[in-house]
Each structure stands twice: as structure tokens, then as C-alpha cells.
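Colleague: Be aware that the sequence shown starts at 1, since it is given in the UniProt record's numbering, and climbs by one per residue.
Heads up, the beta-carbon is just placed ideally off N, CA and C, and yes, glycines get one too.
As the structure is a prediction and not an experimental result, all values here were calculated from the model.
First the structure, then my questions, so here it is.
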Amino acid sequence: MLLLMKAACLQRLMELNKLGATDSLRRFLEAQFVINAQNIDTIIAAIATTSIDQVCANFEAIYAAGVDEYYPGVSVDLIRQLHGALGPLLPRIAARFATDPYAFRAGWPDVTAVRDGMILLREVKTSDKLHASQLQTIGGMLIAEGMPVDVLQLVAAKIAAPTSR
């Protein structure tokens, strides 16, 4: 989601960045939102109006700049589908993110998938509980914006040892 938001407003971030375009590509979105807090309305407007083709081109530029190590496995197809499925919800999520970017940068669900325009957000837990950052991001942003998020608790199967005859 953060990568999609960044791709959707990259041109505006580059216009605002005094350190140059390369810095806009590599600097994390939360930092850029804080640095450019006085221009957040124009950043959100860019997220709302940037074409899907431009978003995809921006994503490819961001990914090529080395961001792939932080977001492995994200594809332009996922970005395209997620952008289409979110529609007008994306700038609303970005506006909520902008209220406290460093608090909302963590705690995103482990799985984000899109199929037939439907978004699946799933947190996978093996033994621990939801962390404070997950409660804040999932409850304070995603669910607050009407996005369904589920939590999958994995439990190890207890298999009885075979008995000898």
C-alpha cells in the first residue's frame, strides 16, 4: 500500500524535493510526507488524480532504484490491480496515513492480494499476538476506512506418535 501511494504521488514528491529526483525515488514515503507536511494537500490530490499508466511507470522507477529489497515480490500487475480496486479509497487512506506517517508505516497486514477487483488483507500469526503497530494500522486506518482485514492464526498440528505393534 505504501509503495502504491508513493507511486501515485511520485511526480509531486519530485517537484517538492530539493535533493533531486533520485532522493524522491529512494526516500521512504513516511519521511517525504513529514518533510512536505505543508504540501500534503497537493500530494493527496496527486494520489487522487495520477493516471494508472503513470502510477505503473512510477512504480517501475521506484523499484529499479533499489526499493525492491524492502518490498520483494511486488509486481506492476499487483500495483495496477490494487490501484483499480481501491479507487477513491486510496487518497483517503493516504490522508489518514499523513496524520502520523511514522506511526502508520508499520503494522500492515502480511498478505495483500487482489482478485476480480476484491482486495484481501490478511495478517498471519503463528504464536504471537497483534502488536501495537498492527492494531494501530489495521484498526486505526484500514478498518476505519472500511477495508476488511482478517487474521489467520496458525496452530501446529499435534500428531500422535505411531504405536508399535
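1) With residue 105 as the anchor, note down where its alpha helix (DSSP H) starts and where it stops.
2) Below 8 angstroms on the Cβ atoms is my contact criterion, and I expect residue 48 with residue 91 to pass it. Report the Cβ-Cβ distance as a whole number of Å.
3) Can you check DSSP and say which residues form a bridge with residue 118?
4) Could you tell me the alpha carbon to alpha carbon distance between residue 77 and residue 156, rounded to whole angstroms?
5) Using a Cβ-Cβ cut-off of 7 angstroms (strictly less than) and excluding sequence neighbours within five positions of residue 60, which residues of its own chain qualify?
6) Rounded to the nearest angstrom, what separates residue 104 and residue 95 at their Cα positions?
7) Does residue 55 pass the burial test, meaning 16 or more other C-beta atoms within 10 Å, or should it be called exposed?
8) Quick check on the DSSP output: what are the complete beta strand (DSSP E) runs of length 3 or more inside the stretch 7–65, in order along the chain?
9) Report the CB separation of residue 10 from residue 71 in whole angstroms; it is logged as a contact under 8 angstroms.
10) Any chance you could list the alpha helix (DSSP H) runs of at least 4 consecutive residues sitting entirely within the stretch 76–101, in chain order?
11) Residues in the same chain with beta-carbon distance under 8 angstroms from residue 52, minus the five sequence neighbours each way, listed in chain order, please.
12) Three Cβ pairs or more, each shorter than 8 angstroms: is that satisfied between the stretch 121–134 and the stretch 146–162?
13) Once the 5 residues before and after residue 33 are set aside, which same chain residues still bring their CB inside 6 angstroms of it?
14) Report buried or exposed for residue 7, applying the criterion of at least 16 other Cβ atoms within 10 angstroms of its Cβ.
Modeller: The short version:
1) Residue 105 -> no alpha helix (DSSP H), and no H or E assigned at all.
2) 4 angstroms
3) 115
4) 34 angstroms
5) 76
6) 11 angstroms
7) buried
8) none
9) Contact flag wrong, Cβ pair sits at about 14 angstroms.
10) 76–86, 89–98
11) 80, 83, 84
12) yes
13) 98, 101
14) buried
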